Amino acid sequence: MVMPTARYIAHDKLMPWLLGLAEGRRVLAPVREGGKTLFLPLREDSRLDLRGLADDSAKAALLPRCEPLLEFHYAKTAGVPSRTTLEVREILPGQETFLFGVRPCDARGFTVFDRVYDAGTRRDIYYCSRRDKTLVAAIACADPAETCFCNRVGGDPGGSDGADLLFTPVEGGFTVEAVTERGGAFLREQALEEADGKAEEAREVREAVRRAMPEGPSLDGAPDEVLRLFDDGAFWESVAAKCLSCGVCSYLCPTCYCFNMTDESNGNDGVRVRTWDNCMSFQFTLEGSGHNPRNGKAQRMRNRIGHKFSYYPKLHDGNLACVGCGRCIANCPASMDVRAIVIQARSRVLDKEEYANE
Amino acid sequence: MSDSYRSNLYLPDMATIQEVIEETQNIKTFRVTLNNPDAMRSFRFEPGQVGQLSVFGVGESTFVINSPPSRMDYLQFSVMRVGELTERLHKLRPGDQIGVRAPLGNCFPYKAMKGKDIVFVGGGIGMAPLRTLLLYMLDNREDYGKITLLYGARSPSDMAFSYELPDWLGRPDMTTELTVDNGAPGWERHIGLIPNVLKEMAPSSKDAFAVTCGPPIMIRFTIEALHSLGFEDDRIITTLEKRMKCGVGICGRCNIGTKYVCKDGPVFTNAQLRRQPNEM
Amino acid sequence: MSVTEGKELRIIGFLCNWCSYAGADTAGVGRFAQPTDLRIVRLPCTGRINPLFIVRAFMNGADGVLVSGCHPRDCHYSEGNFYARRRLETLKALLPVIGVDPGRFEYTWVSASEGQRWRSVVASFTEQVHALGSMPRFMSGTSLDLCLRPAVQPRVF
Amino acid sequence: MASSLDELKTAIRKALPGLDVVIAWTAGPDALSHAPLFITEEADVARIEWDPRCSQNLAGYLPGLRGKKAGIVAKGCDVRSIVELLQEKLIDREDVVIFGLDCQGAVDARSARAALGSSRGVRDVAIDGASVCFSVNGEPRFFSPGEVLQSKCFGCAGADAGLCDHFAGERGLPPQFGNPPESTLERLEAMDMEERLRFWETQMSRCIRCYACRSACPLCVCQDHCAAQSREPHWVDQTDHPREKLMFQAIHALHTAGRCTECGECERACPMGLPVMTLKRALNRRIKDVFDYQAGIDPNQTPPLFEFREVETNIKEREW
Chain A
35 MVMPTARYIA
45 HDKLMPWLLG
55 LAEGRRVLAP
65 VREGGKTLFL
75 PLREDSRLDL
85 RGLADDSAKA
95 ALLPRCEPLL
105 EFHYAKTAGV
115 PSRTTLEVRE
125 ILPGQETFLF
135 GVRPCDARGF
145 TVFDRVYDAG
155 TRRDIYYCSR
165 RDKTLVAAIA
175 CADPAETCFC
185 NRVGGDPGGS
195 DGADLLFTPV
205 EGGFTVEAVT
215 ERGGAFLREQ
225 ALEEADGKAE
235 EAREVREAVR
245 RAMPEGPSLD
255 GAPDEVLRLF
265 DDGAFWESVA
275 AKCLSCGVCS
285 YLCPTCYCFN
295 MTDESNGNDG
305 VRVRTWDNCM
315 SFQFTLEGSG
325 HNPRNGKAQR
335 MRNRIGHKFS
345 YYPKLHDGNL
355 ACVGCGRCIA
365 NCPASMDVRA
375 IVIQARSRVL
385 DKEEYANE
Chain B
167 MSDSYRSNLY
177 LPDMATIQEV
187 IEETQNIKTF
197 RVTLNNPDAM
207 RSFRFEPGQV
217 GQLSVFGVGE
227 STFVINSPPS
237 RMDYLQFSVM
247 RVGELTERLH
257 KLRPGDQIGV
267 RAPLGNCFPY
277 KAMKGKDIVF
287 VGGGIGMAPL
297 RTLLLYMLDN
307 REDYGKITLL
317 YGARSPSDMA
327 FSYELPDWLG
337 RPDMTTELTV
347 DNGAPGWERH
357 IGLIPNVLKE
367 MAPSSKDAFA
377 VTCGPPIMIR
387 FTIEALHSLG
397 FEDDRIITTL
407 EKRMKCGVGI
417 CGRCNIGTKY
427 VCKDGPVFTN
437 AQLRRQPNEM
Chain C
27 MSVTEGKELR
37 IIGFLCNWCS
47 YAGADTAGVG
57 RFAQPTDLRI
67 VRLPCTGRIN
77 PLFIVRAFMN
87 GADGVLVSGC
97 HPRDCHYSEG
107 NFYARRRLET
117 LKALLPVIGV
127 DPGRFEYTWV
137 SASEGQRWRS
147 VVASFTEQVH
157 ALGSMPRFMS
167 GTSLDLCLRP
177 AVQPRVF
Chain D
-10 MASSLDELKT
0 AIRKALPGLD
10 VVIAWTAGPD
20 ALSHAPLFIT
30 EEADVARIEW
40 DPRCSQNLAG
50 YLPGLRGKKA
60 GIVAKGCDVR
70 SIVELLQEKL
80 IDREDVVIFG
90 LDCQGAVDAR
100 SARAALGSSR
110 GVRDVAIDGA
120 SVCFSVNGEP
130 RFFSPGEVLQ
140 SKCFGCAGAD
150 AGLCDHFAGE
160 RGLPPQFGNP
170 PESTLERLEA
180 MDMEERLRFW
190 ETQMSRCIRC
200 YACRSACPLC
210 VCQDHCAAQS
220 REPHWVDQTD
230 HPREKLMFQA
240 IHALHTAGRC
250 TECGECERAC
260 PMGLPVMTLK
270 RALNRRIKDV
280 FDYQAGIDPN
290 QTPPLFEFRE
300 VETNIKEREW
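Chains as they are written, first to last, in my numbering: chain A, 35 to 392; chain B, 167 to 446; chain C, 27 to 183; chain D, -10 to 309.
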């Protein structure tokens, strides 16, 4: 299929266009509310905020904070008061969604989910049907924040991995380019003007932001270092010392996908819900017997860093489970910095090995 | 693979409890059948695979299917009462409805074990996963060499499967030893910790596999004892337990390094475990 | 009783076993006419009451909550109601901030012999709650309409 | 403040040999908030920072360090948390060395970021009476305290130097910033009951249940065993309903009633910017009125809900 040519939409046309799309489907976009910019269903009175990275990641579009997996109903059997019947039904999601305004890092985060939730024979139908019904429109970055580091984890501030459409800010508006065939088919149906010369400008904008990214050493290629440090308790104790064991980093992370499943019921009716879970929580691995393989926050931090920079890449062709959005850094109540931990781990291993070689 | 046949990974099959056996004061065995007769008829699993049992309104938990695949009248699960879900399971009676997501996980390498001597070492509820393999091997007796079983529990009254023990003890084609930490009047078998009794028994490690399951501390010392008897790490097989939710390697809590116990396990050789970080 | 003629409201009573529950019993035995909106939860002592019981009751859809125990200095356990008094006084500051009218919650002391007093406490508290009407409910699914479909909505509020 | 910082460093260098660890602040990954620094070697002392970006209350780390000799650098408000921990015997006085500081106000990183547009280029922050000055790429930018400081700074009682083992800086009067910005509690009080419920419904719908409010709270000592994640008792369910999330806030507020010193960590930690200290403020106000008690003032006092009077002079019980 031939991709449609790039299109252009002016700033003042954007909101009406999005609201038009919102007829018949859910449009999620970064909206200013309560002093925060969050991905919320777009309404006429919404204050669209495209200034930078939203405060939450858009992962809830594909993995809601809480989603019902199935519902169950107990009922008394007529005539046999001691017997109950049980009915269980799955609840499948079905909403068409246009997810607008994610940044390239967030869109790339979806590819981290895809490898786990849509893995050949193991397809999570809740995730997959949301993914199938969601068109992802990313906006290339123009103004990276101090905490941005997508360039250090294999990402690109002007990239389009995981997205169907790529918007790029240009003078007066955005260019729109199709990334996937699905995006192309969608774009063809939209009455948007041709981008013409603006496509070239867009390319320059993306080049410029690549140059504007804060520099630093790459964080990939660390899987073995993290593993070799596994038994270095003192190291993990020291990096985890200030951690509060809250869930800010996990819940704002566009790649954290771990979940919990719980039954919640009221009398005879209930739902089995899947909710975001957090590997820094004590309960995450607490077993029925009271034994907890990750009893302390140092062990939990080790698994968190291990998962993102070692285990996941080893299982998935070297791709990190981190896209460098920096939300965990910007929002950590104890100012933890995941970049620094990986760098420290690496230099700790180097130091040790040098010492061993001497 | 086990999980591929399901279109919805999280939707259990409805099942009926057919029989409840009170094994000990805190262990009950449930024999269940799937409500859909076709599903029950076509149900296939291999020894060592697990299932998630659902009590709707409480949740799910993982248990090994401890009946052997060679006996498919029902699926059997033995449950020790330790928490919210097992507490509720223990209150269920024949006829009650539960959910079953099974089979999940890998199985014992029973094909690779063919022609070899087998040493089973089970502690407490850890006997349950061994039972499925043991019965499977007894049902295919000619495929395997000498079979030795050492089963230990805290006290005689904590021994599950007591109704099967006379058969196991009496069979000429296997050697069975029982031990308890604390004896009781009438107890005529071993009194002592499993690893110590194992060392006394000293089964030969030549052409043999050892299969062990039990509390973490028992496994640790049993593996030491097996080493001292000359068992190599790739001939020591254990089956692990972790907190699990999804059962299909997604939810992220049961991993040891890159291995998910629910999907890549629960059965591992000690050699495999030693290649993973030490996070038990 | 005018208040019982209209729609019944959901009023939860947390009563101590030794005084107020017995007092309610006395009122019942004495066949004192009372409104029927109150649903009683019996507890060993008002000192057993976690103020969160009351918050949870409102969250679960109660329109009013009444706590009653032994008179001060008459506590079966000597001092349970003294602690309860402090806790419940503190709780009074929380409820209105989350939108529960202060008139929807009261605590008082009724002894086992005070059947008549129990009757008047119940009558006047019920009347007070009826004057406020039913508690405004959270709209379901504000943030995630998917999660709580009407058929299976846990604890309709 | 350079001189206070030097004094502080000298005091820590001197005390460090007798301590297992000293907790102070150092430059963090974000230019608007400094990060905790756990000092075990003298070389780390040079990294200590002290300016209005030292917002985090470090007292919450102390219960976890029990059994060790720990030094802690504390602003006046942080000292109140330490006092409360001492009162409840959650830490041992003889094991804690308090390095007090004269604080002129602490930056609220969130509002500062909003006011500045970005944290990039921020080099220094200073408070001079009625204005807060950020030096951004060498250019001074001035804001009023209400725009960029934490709301707790407006009721600052100053540092009680008497409780500190060391004190760096001047033991002067606490900063006076004039009119505080309108608080959520005041806004709520102008609403009717149903509007208040709707207010919380909207606010809590944003809550992501990360429990940072709890994890950051220096007085939440249950932590790993919090009621929020317990199935038995089932205080809150795991659905995304705002009611359940508000219930958790009620739990937090009531568990800290008579103990909360309004250090503001719960609100500072909240990644969704929710006004979760409001409930605690309301309880504190009543506790002040009824029991004439303020948490974190006197280490020898007993929190009001841990005791009682047979005759409560300020409680007016209802007549029936």
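All C-beta atoms in this analysis are idealised placements derived from N, C-alpha and C, irrespective of residue type, glycine included.
Keep in mind that this is a model prediction, so the values were computed, not measured.
Contact between residue 260/A and residue 173/A fails: their C-beta atoms lie close to 33 Å from each other, not under 8 Å. For the region 179 to 193 of chain A, the set of positions with a beta-carbon nearer than 7 Å to some beta-carbon of chain B is empty. Look at residue 125/A: its C-beta is not under 8 Å from any C-beta on chain B. Comparing alpha carbon positions, the residue from 108/D, 282/D, 64/D and 27/D closest to residue 86/A is 108/D. Linking residue 342/A to residue 356/A through their CA atoms gives a straight-line distance of about 6 Å.
In this structure, the beta-carbon distance from residue 100/A to residue 228/D falls below 8 Å. When the Cα atoms are used, residue 155/D and residue 254/D turn out to be separated by approximately 24 Å. In chain order, 120 and 122 make up the part of chain A whose C-beta sits under 8 Å from the C-beta of residue 180/B. Straight through space, the alpha carbons of residue 228/A and residue 39/A are spaced by roughly 7 Å. Boundaries around residue 19/D are those of the beta strand (DSSP E), 10 to 19, since no alpha helix (DSSP H) includes it.
For residue 38/A, there are no neighbours in chain B by C-beta distance under 7 Å, as the nearest C-beta there is about 34 Å away.
By DSSP's assignment, residue 70/A forms a beta bridge with 67/A. Within chain D, the residues placing a beta-carbon under 9 Å from that of residue 77/C are 239, 243 and 246, ordered along the chain. Between residue 10/D and residue 204/D, the alpha-carbon positions lie close to 21 Å from each other. If you compare the alpha carbons of 177/B, 345/B, 440/B and 211/B with that of residue 400/B, the shortest gap goes to 440/B.
A check of alpha carbon separations from residue 409/B across 300/B, 227/B, 201/B and 255/B identifies 227/B as the nearest. Interface residue (Cβ-Cβ distance to chain D less than 8 Å): residue 68/A is classified as such.
Under the 10 Å beta carbon count, residue 263/A is surrounded by 16 or more other beta carbons and is classified as buried. In this structure, DSSP gives residue 218/A a helical state, which the three-state scheme calls helix. Residue 51/A is not bridged by DSSP to any residue. Assigned with DSSP and collapsed to three states, residue 378/A falls in helix.
For residue 231/B, the secondary structure class from DSSP, reduced to helix, strand or coil, is coil. Along the region 47 to 64 of chain C, there is no position whose C-beta sits under 8 Å from a C-beta of chain D. Taken in chain order, the complete beta strand (DSSP E) segments of 3 residues or longer contained in the region 81 to 167 of chain D are 85 to 90, 111 to 117, 120 to 125, 128 to 132 and 155 to 157. For residue 263/B, the nearest CB of chain A lies under 8 Å from its own CB, placing it at the interface with that chain. DSSP places residue 69/C in the uninterrupted beta strand (DSSP E) bounded by 64 to 69. Excluding its 5 nearest sequence neighbours in each direction, residue 268/D has C-beta neighbours in its own chain below 8 Å: 238, 239, 241 and 242, listed in chain order. Secondary structure in the region 183 to 254 of chain B: the beta strand (DSSP E) runs of 3 residues or longer, each lying completely within the stretch, are 193 to 200, 216 to 221, 225 to 230 and 241 to 246 in chain order. Two segments are said to touch when three or more pairs of C-beta atoms, one from each, lie closer than 8 Å; by this definition the region 198 to 217 of chain B does not touch the region 250 to 260 of chain B. Contacts with chain A at 8 Å (Cβ-Cβ) include residue 424/B.
Boundaries of the beta strand (DSSP E) around residue 263/B: 263 to 270. A Cβ-Cβ distance of about 6 Å is found for the pair residue 99/D and residue 262/D, placing them in contact under the 8 Å criterion. The straight-line gap separating the alpha-carbon atoms of residue 196/B and residue 246/D is approximately 48 Å. The criterion of a C-beta distance shorter than 8 Å is satisfied by residue 13/D and residue 28/D. Only those residues of the region 148 to 159 of chain A whose C-beta falls short of 7 Å from the nearest C-beta of chain B are listed: 150, 151, 155, 156, 158 and 159. Chain A places no beta carbon closer than 8 Å to that of residue 270/B, leaving this residue out of the contacts.
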